[in-house]
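Mapping of the sequence shown onto the numbering used here: residues 6 to 346, in sequence order.
For glycine and all other residues, C-beta sits at the position ideal for the given N, C-alpha and C.
Computed from a prediction, not measured in an experiment: that's the story for all the values here.
Structure first, then comments.
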Amino acid sequence: MTVLVTGGAGYLGSVLSLVLLEAGYHVRVIDNLLYGGRGLLPVMGHSRFEFYAADILDHDAVERATGGVDAVIHLAAIVGDPACARDPTLARAVNEEGSAHVIAAARSAGVKRFVFTSTCSNYGRMADVSVLATEAHDLRPLSLYAETKVAIERGLLALPQSPTAFTVLRLATLFGLSPRMRFDLTVNQFVMEMSVRRKVTVYGEQFWRPYVHVRDATRAIVAVLAAPGDSVAGRVFNVGHTDENYRKVDLIEIISRRVPGAEVEFVSMAEDPRDYRVSFDRIRSVLAYSTTRSVADGVEEMATALEAGVLGGVDDPAFSNTPGGAGVTSTAVSRQVVCAL
Ligand SMILES: NC(=O)c1ccc[n+]([C@@H]2O[C@H](COP(=O)([O-])OP(=O)(O)OC[C@H]3O[C@@H](n4cnc5c(N)ncnc54)[C@H](O)[C@@H]3O)[C@@H](O)[C@H]2O)c1
Numbered sequence: 006m007t008v009l010v011t012g013g014a015g016y017l018g019s020v021l022s023l024v025l026l027e028a029g030y031h032v033r034v035i036d037n038l039l040y041g042g043r044g045l046l047p048v049m050g051h052s053r054f055e056f057y058a059a060d061i062l063d064h065d066a067v068e069r070a071t072g073g074v075d076a077v078i079h080l081a082a083i084v085g086d087p088a089c090a091r092d093p094t095l096a097r098a099v100n101e102e103g104s105a106h107v108i109a110a111a112r113s114a115g116v117k118r119f120v121f122t123s124t125c126s127n128y129g130r131m132a133d134v135s136v137l138a139t140e141a142h143d144l145r146p147l148s149l150y151a152e153t154k155v156a157i158e159r160g161l162l163a164l165p166q167s168p169t170a171f172t173v174l175r176l177a178t179l180f181g182l183s184p185r186m187r188f189d190l191t192v193n194q195f196v197m198e199m200s201v202r203r204k205v206t207v208y209g210e211q212f213w214r215p216y217v218h219v220r221d222a223t224r225a226i227v228a229v230l231a232a233p234g235d236s237v238a239g240r241v242f243n244v245g246h247t248d249e250n251y252r253k254v255d256l257i258e259i260i261s262r263r264v265p266g267a268e269v270e271f272v273s274m275a276e277d278p279r280d281y282r283v284s285f286d287r288i289r290s291v292l293a294y295s296t297t298r299s300v301a302d303g304v305e306e307m308a309t310a311l312e313a314g315v316l317g318g319v320d321d322p323a324f325s326n327t328p329g330g331a332g333v334t335s336t337a338v339s340r341q342v343v344c345a346l
């Protein structure tokens, strides 16, 4: 089975490519290497791996990449509220038009399975966080990033589920080590700051969110690919574990046990668009899926890697989706897309 992974050089995609190869799949990645290509080093040269260095806004390249594949895992996007806010035009183009290209090309090539990675932040600020959001909960996108994710979710769930069956995975916020490391994700950032800088500033410590290890997110994608079509076609699954909803203050407590003695400054905020607790019962009951690594496990692996110096300089701009100040990245990013168009 050949799987096309869009955005396969990214934080999630680079782990996914490796996991799919380990599981015996042929893997093709299309990525424009917005944050560099180091994420692909562990898979380049593998006999079942192919790389298309191209932009999903390039219609012809997307058509070529979808030819002959059995499944598409669509990850490529401008990811995160800050990255989308920095260049809203690019974010809309990539996340909406780019996704539309990938969806149309998959359907016309007769690709059987299509997995779209959406986000639990689509639930927005919940009125009552004692209630867990299920997949049926109202979506309240409160950022451009979530808006683009909700627009694509709605579009593909309204399509006929043949020849291509679509599955939406609303991932919790990811953490853990990846060949394309990101230190702009909450758990990763807190571990890095507490262990390297010995100081962290926490904005809005009382707000809830769910978290899932990057490897467990890839296991959910593999579970969808392996499931009978009628159990996943046209369906949405939250990806994570119900016990792994935390307030930021809880994360600090967990990290402090492994990395004691860092200075923690709490800055109160009246509200945060990301205040939600999520139920992960559906994926457990339909796909018999459960996570294998807790936030505490992720903290252990990252603290160990940071202490050993495995990640090198943590200020490397490739470790963030908003590196080096708005102007610089915005210009660099826009130039790449103009070239690709
Ligand atoms: N990281 C999280 O916490 C999280 C949570 C929920 C959902 N998701 C979703 O998972 C997916 C992967 O996220 P990630 O954390 O790996 O992000 P990432 O930014 O590390 O990866 C995105 C990849 O897409 C590529 N890309 C961007 N624009 C492109 C374009 N126009 N053409 C081709 N490639 C392009 C980038 O080069 C990058 O390799 C995204 O769809 C994201 O919305 C992530």
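- Taking only the alpha-carbon atoms, compute the straight-line gap between Ala225 and Thr122 and give it to the nearest angstrom. For the purposes of this step, residue 225 is taken as residue 220 along the sequence shown, with counting starting at 1. For the purposes of this step, residue 122 is taken as residue 117 along the sequence shown, with counting starting at 1. Distance between Ala225 and Thr122, taken at the CA atoms: about 11 angstroms.
- Query: Would you say Thr71 touches ligand 1, meaning its beta carbon is less than 6 angstroms from a heavy atom?
  - Reply: Position 66 of the sequence shown holds residue 71. Checking the Cβ of Thr71 against ligand 1 gives no.
- For Arg202, collect the residues of the same chain with a Cβ closer than 7 angstroms to its Cβ; drop the 5 residues on either side in sequence, then sort them by chain order. Indexing the sequence shown from 1 puts residue 202 at position 197. No residues qualify anywhere along the chain.
- Item | Span of the beta strand (DSSP E) around Ala170 | One-based indexing of the sequence shown puts residue 170 at position 165. Counting along the chain, the beta strand (DSSP E) containing Ala170 begins and ends at Ala170 to Leu176.
- Query: Going by C-alpha distance, which of Met274, Ile257 and Asp277 is nearest Glu268?
  - Reply: As a first step, residue 268 must be located in the sequence shown, where it is residue number 263. It is Ile257.
- Query: Considering only C-alpha positions, which residue in the set Ile157, Arg262, Leu311 and Glu210 is nearest to Gly239?
  - Reply: Here the question's residue 239 lines up with position 234 in the sequence shown. Of the candidates Ile157, Arg262, Leu311 and Glu210, the one whose C-alpha sits nearest the C-alpha of Gly239 is Ile157.
- Item | Among Met6, Gly44, Leu39 and Val120, nearest to Phe242 - alpha-carbon criterion | The residue you call residue 242 lines up with position 237 of the sequence shown. With distances taken between Cα atoms, Phe242 lies closest to Val120.
- Might you give, ordered along the chain, the residues of its own chain that have their beta carbon closer than 6 angstroms to the beta carbon of Tyr16, omitting 5 neighbours on each side? Indexing the sequence shown from 1 puts residue 16 at position 11. Excluding positions up to five away in sequence, the list reads Ser183, Arg185 and Arg187.
- Taking the beta strand (DSSP E) that Tyr251 falls in, what are its first and last residues? As a working note, residue 251 is residue 246 in the sequence shown. First-last of the beta strand (DSSP E) with Tyr251: Asn250 to Arg252.
- Selection from His106, Ala28, Cys89 and Ala96 that minimises the alpha carbon distance to Ile349: This structure cannot settle anything about residue 349, because the visible part of the chain is limited to 6 through 346.
- Item | Assigned exposure category for Glu276 - 16 Cβ within 10 Å defines buried | Here residue 276 corresponds to residue number 271 of the sequence shown, with the count starting at 1. The residue in question, Glu276, is exposed, as its Cβ has fewer than 16 Cβ neighbours within 10 Å.
- Query: If we ignore side chains and look at the alpha-carbon of each, how far apart do Arg118 and Thr178 end up?
  - Reply: Sequence index remark: in the sequence shown, residue 118 carries index 113 (1-based). Sequence index remark: in the sequence shown, residue 178 carries index 173 (1-based). Their Cα atoms are separated by approximately 24 angstroms.
- Message: At a threshold of 6 angstroms, does Gly329 count as lining ligand 1 (C-beta to nearest heavy atom)?
- Response: Here residue 329 is taken as the residue at index 324 of the sequence shown, counted from 1. No.
- alpha helix (DSSP H) runs contained entirely in the region 76–123, provided each spans 4 or more residues: 86–91, 93–97 and 104–113
- Measure the CB-CB distance between Phe195 and Ile260 and report whether it falls below 7 angstroms. Within the sequence shown, numbered from 1, the residue matching residue 195 stands at position 190. Within the sequence shown, numbered from 1, the residue matching residue 260 stands at position 255. Yes, the pair counts as a contact, with Cβ atoms nearer than the cut-off.
- Query: Can you pull the DSSP bridge partners for His51?
  - Reply: As a position in the sequence shown, residue 51 is number 46, starting the count at 1. BP columns for His51 are empty, so no partner.
- Query: What residue range is occupied by the uninterrupted beta strand (DSSP E) comprising Val8?
  - Reply: Locating residue 8 in the sequence shown gives position 3, counting from the first residue. From DSSP, the beta strand (DSSP E) with Val8 extends over Thr7 to Thr11.
- Mind checking whether the beta-carbon of Gly234 lies closer than 6 angstroms to any heavy atom of ligand 1? Position 229 of the sequence shown holds residue 234. No, the beta carbon of Gly234 sits no closer than 6 angstroms to any heavy atom of ligand 1.
- Item | Distance, Asp286 Cα to Val333 Cα | One-based indexing of the sequence shown puts residue 333 at position 328. One-based indexing of the sequence shown puts residue 286 at position 281. For Val333, the predicted structure reports a pLDDT of 29, less than 50, and the residue's modelled location is therefore unreliable. A value from the coordinates is still provided. Going by the C-alpha atoms only, they are around 43 angstroms apart.
- Can you pull the DSSP bridge partners for His31? Your numbering for residue 31 matches position 26 in the sequence shown. Paired residues: Thr7.
- Do Thr169 and Arg112 have their C-beta atoms closer together than 7 angstroms? Residue mapping note: residue 169 aligns to position 164 of the sequence shown, counting from 1. Residue mapping note: residue 112 aligns to position 107 of the sequence shown, counting from 1. A contact, by the Cβ cut-off of 7 angstroms.
- Task: Compute every distance between the C-beta of Ile259 and the non-hydrogen atoms of ligand 1, then say whether any falls below 6 angstroms.
- Result: The residue you call residue 259 lines up with position 254 of the sequence shown. Incorrect: Ile259 has no Cβ contact closer than 6 angstroms to ligand 1.
- Task: Please report the residue range of the alpha helix (DSSP H) in which Thr71 lies.
- Result: Against the sequence shown, residue 71 aligns to sequence position 66. Per DSSP, Thr71 belongs to the alpha helix (DSSP H) from His64 to Thr71.
- The beta strand (DSSP E) with Thr206 in it runs from where to where? The count along the sequence shown starts at 1 and reaches residue 206 at position 201. Residues Lys204 to Tyr208.
- What span of residues does the beta strand (DSSP E) with Asn243 cover, start to end? Here residue 243 corresponds to residue number 238 of the sequence shown, with the count starting at 1. Segment Arg240 to Val244, the beta strand (DSSP E) holding Asn243.
- Item | Own chain partners of Ala308 with C-beta closer than 7 angstroms, once the 5 adjacent residues on each side are dropped | Translated into positions along the sequence shown, residue 308 becomes position 303. Result list for Ala308: Val196, Ser200, Arg263 and Val264, in chain order.
- Assigned secondary structure, Asp277 (DSSP; H/G/I helix, E/B strand, else coil): Translated into positions along the sequence shown, residue 277 becomes position 272. The answer is coil: DSSP assigns Asp277 none of H, G, I, E or B.
- Query: So is Glu276 in contact with chain D if we call contact Cβ pairs under 7 angstroms?
  - Reply: The structure shown contains no chain D; it holds only a single protein chain.
- Kindly identify the DSSP beta-bridge partner or partners of Asp36. Counting from one through the sequence shown, the residue named residue 36 turns up at place 31. DSSP output for Asp36 lists Ala58 as bridge partner(s).
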